[in-house]
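Chains as they are written, first to last, in my numbering: chain G, 1 to 217; chain E, 218 to 434; chain V, 435 to 651; chain P, 652 to 868. No residue lacks a Cβ here, since even glycine has one placed at the ideal position from N, Cα and C. Here's the structure we're looking at; comments come further down.
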């Protein structure tokens, strides 16, 4: 199974029936494909609606219905559109239960960096700073290491932050880690991955409780 | 002609075609009856709409369409309803051209008191504080004196203020007075009323320019 | 998913001492059935957030007469003499707030804002106890957000996901309060199936609504 | 009364050096005909307030390519490489603002508020140059209102009084910007007679709209 699929599948199983969920562009969007049968989540799109549905057939594209990445999507029955101020009133006001975002870097203090690399890449923060501040639960979906094998789970983020102390859970293809007041706790390892392997691939200090589970994907 | 009618008629002739106007309860509401032919003003009602129309026939009352005093009104074609935050965004944001309010006291500095008499009557400010702050032009519609003959146009308001330095124009059955940086200027006197009579009935100091006009009503 | 229930069950969620927000403007747009159920239940020591206290025989005015409030936060009490009587007798604490400020404070409470700066009320008693902040040479009052344990709203149409529309001037504070309470209870004139409302015409997204009761009268 | 005019006449109101707000999210909900007319006219040294700079061949992205902006205030530039290039080359000043904060700043500009307190951006570069204010033990950033000389909007339907509706996710920033500019120009898919829109379904009241042009394409 593809790394991204492992991550998306694991996160999908965290979502609860009735949750209002905002999924970031890219990997986080894939989470929608794996939501278990019988669980209905309401997807919020920060460009102004709840009830985001799957991509339409090419001949059924409505140019006014796109997700926050600009890709054509659909609206499910019972959806609702609103303006950007209302959209972020929902987000900032704690009406979104879960947000799932990607990371350039994330650390054991719950800091997240995903909006710029000074001097190199400055896409902008879009709605990410509001999402990490306002959503009740912030889940980071990221591969454990960069293409060069460097850990993305750091002792301390080096890039400019998207949010300080905002992350609740980090899900990678190797592990599920929870940010706690005591530090970063390893909760699960992927099938076939050892605790030692996770520790070796993680720059942040990991607290290893006695009951580390095997990730179900 | 009734005092109130004189005041309402004079104010109605100040309104310009296209003005967005909020009329307070009571005397100010009467202004709508005298708007000249060919002038179309858009009446805003702070409980949430523009396009306020006249009272309906008794058998055509819609219980959901009332003015800010709770009286049945109608909505004209091209009207629009909105929530209270939007209503006051319009008011505070300078989208209302003229507001007309009554007064308990008003003074030469443009101060207005119309929401409470300590220890006696405390109805509350409702939307008045926002209206006097946000509307581009604030016109006070009031009888010149109290029932006991005391001037309502004071040197300095004594009652708790609705707004400080907010009034542009005061229209009574005796006179039209403009609040200017130099003080209160007498602009017009009612037909049959002398400047001396106005001065005698006014506690505030009046600046009398050479060209005081006779009020057209 | 919003749950459809009865008036009696819905008001069981409201306990003595709670803070409630009630939609409506002089009773127009108030959930009259829910209010009657609360009068019958006799829940007491409540704090009320509402535009006004309506009339002694109408809407929240009945609850004032029934002495169910220890404190009210409103813009106007002039239409209900019993409110003024209780205030003077020291039986009821009354906080009067300018209407635009009340609307904005409720909006801020629902939108996760820490407060806002308004020019409304400067130089009046509405300043009391508030911080003044200067921005670009202009002075503003810092007003704080307000929330409630329970919001009691009236909608025209609710679908079974809780999406709401309001009718005419009955909208007023209802959409703002829908965002600003821990539990949101809606009395709807009409309840329709999911998909019956055009997503563009939804005025309150269902994700913030908890309970729906059919209109009582 | 809103005036119906042509694209060419409408954009004549936009002079070199002005600040413009443009509705849309990655071009969805942007007034494409007005933008093309501005590209053709070549108006320059403009400041742009918009969610993003779309794509090089779409919406305001075309104006970036055409070097018509000296400054842009947006949430995201990642989809338009030309924006990043001009920024790095020092040809274009870019102010990146969190999306919820941008929406709220525009709303504050239209609502006459002096600013608002938000938790978004705390502990990030978004703090820079901003006052921090503590309320009830929580720290917030003071964000200031923003307005423009001209707003360029796209609506689905406009009636001849300027009342607007928007469609699906094309709503986004449009209703906020309609309140926050000295001149409001709307490109409407469809123009209807006064009275054709249900007053409950109007999303922007016509009193804030100045010019309407029929949709170009």
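- By the Cβ-count criterion, residue 71 of chain G is exposed, with fewer than 16 other Cβ atoms from all chains shown falling within 10 Å of its own Cβ.
- By the beta-carbon neighbour count (other beta carbons within 10 angstroms, threshold 16), residue 208 of chain G is exposed.
- Contacts with chain V at 9 Å (Cβ-Cβ) include residue 283 of chain E.
- Note on residue 1 of chain G: under 16 other CB atoms within 10 angstroms of its CB, so exposed under the neighbour-count rule.
- Only exposed fits residue 446 of chain V, as fewer than 16 other CB atoms lie within 10 angstroms of its CB.
- Against chain V, the beta carbon of residue 50 of chain G has neighbours under 7 Å at 639 and 641, listed in chain order.
- Residue 89 of chain G and residue 705 of chain P have their C-alpha atoms some 24 Å from each other.
- DSSP lists V/510 as the beta-bridge partner residues of residue 486 of chain V.
- Remark: C-beta atoms of residue 693 of chain P and residue 350 of chain E do not approach each other more closely than 9 Å.
- For the options P/834, P/678 and P/775, the alpha carbon positioned closest to that of residue 64 of chain G is the one of P/678.
- Shortest Cα-Cα distance from residue 610 of chain V to any of V/553, V/552 and V/533 involves V/533.
- Using a CB distance cut-off of 9 Å, residue 302 of chain E counts as an interface residue toward chain V.
- Per the C-alpha coordinates, the member of V/505, V/612 and V/581 positioned closest to residue 643 of chain V is V/612.
- With its beta carbon at least 9 Å from every one in chain G, residue 714 of chain P lies outside the interface.
- With contact defined as three or more Cβ pairs closer than 8 Å, the stretch 477–485 of chain V and the stretch 493–510 of chain V are in contact.
- Secondary structure note for residue 29 of chain G: its alpha helix (DSSP H) is the uninterrupted segment 27–30.
- Contact between the stretch 614–625 of chain V and the stretch 514–523 of chain V is absent, with fewer than three C-beta pairs closer than 8 Å.
- Residue environment: residue 563 of chain V is assigned as exposed (fewer than 16 neighbouring CB atoms within 10 Å of its CB, all protein chains considered).
- Taking CB atoms only, residue 595 of chain V has a neighbour in chain G less than 9 Å away.
- Annotation: Cβ neighbours of residue 538 of chain V in chain E (cutoff 8 Å, chain order): 302 and 305.
- Under a 10 Å Cβ-count criterion, residue 788 of chain P is classified as exposed, with fewer than 16 other Cβ atoms of the shown protein chains found around its own Cβ.
- Under the DSSP definition of a beta bridge, residue 44 of chain G partners with G/50.
- Counting along the chain, no beta strand (DSSP E) covers residue 349 of chain E; the unbroken alpha helix (DSSP H) around it starts and ends at 345–351.
- Positions of the alpha helix (DSSP H) runs, each at least 4 residues long and wholly inside the stretch 507–551 of chain V, are given as 515–522 and 533–545 in order along the chain.
- The beta carbon of residue 501 of chain V sits closer than 6 Å to none of the beta carbons in its chain outside the five residues before and after it.
- For residue 315 of chain E, the closest Cβ of chain P is not nearer than 9 Å.
- By DSSP's assignment, residue 620 of chain V forms a beta bridge with V/587 and V/646.
- Cβ-Cβ distances below 6 Å link residue 410 of chain E to 391 in the same chain, with the five nearest sequence neighbours on each side left out; the list follows chain order.
- Scanning G/143, G/203, G/182 and G/139 for the CA closest to the CA of residue 15 of chain G turns up G/139.
- Inclusion of residue 171 of chain G and residue 179 of chain G in the CB contact set at 9 Å is not warranted, their separation being larger than that value.
- Taking the CA atoms as reference points, residue 359 of chain E sits about 9 Å from residue 322 of chain E.
- Contact check for residue 204 of chain G against residue 137 of chain G fails: the beta carbons are separated by 9 Å or more.
- At least 9 Å separates the beta-carbon of residue 108 of chain G from that of residue 115 of chain G.
- Here residue 158 of chain G is exposed. Its C-beta has fewer than 16 other C-beta atoms within 10 Å.
- Note that the stretch 587–604 of chain V touches the stretch 633–649 of chain V; at least 3 beta-carbon pairs, one per stretch, sit closer than 8 Å.
- With contacts defined as CB atoms closer than 9 Å, residue 512 of chain V and residue 378 of chain E fail to qualify as a contacting pair.
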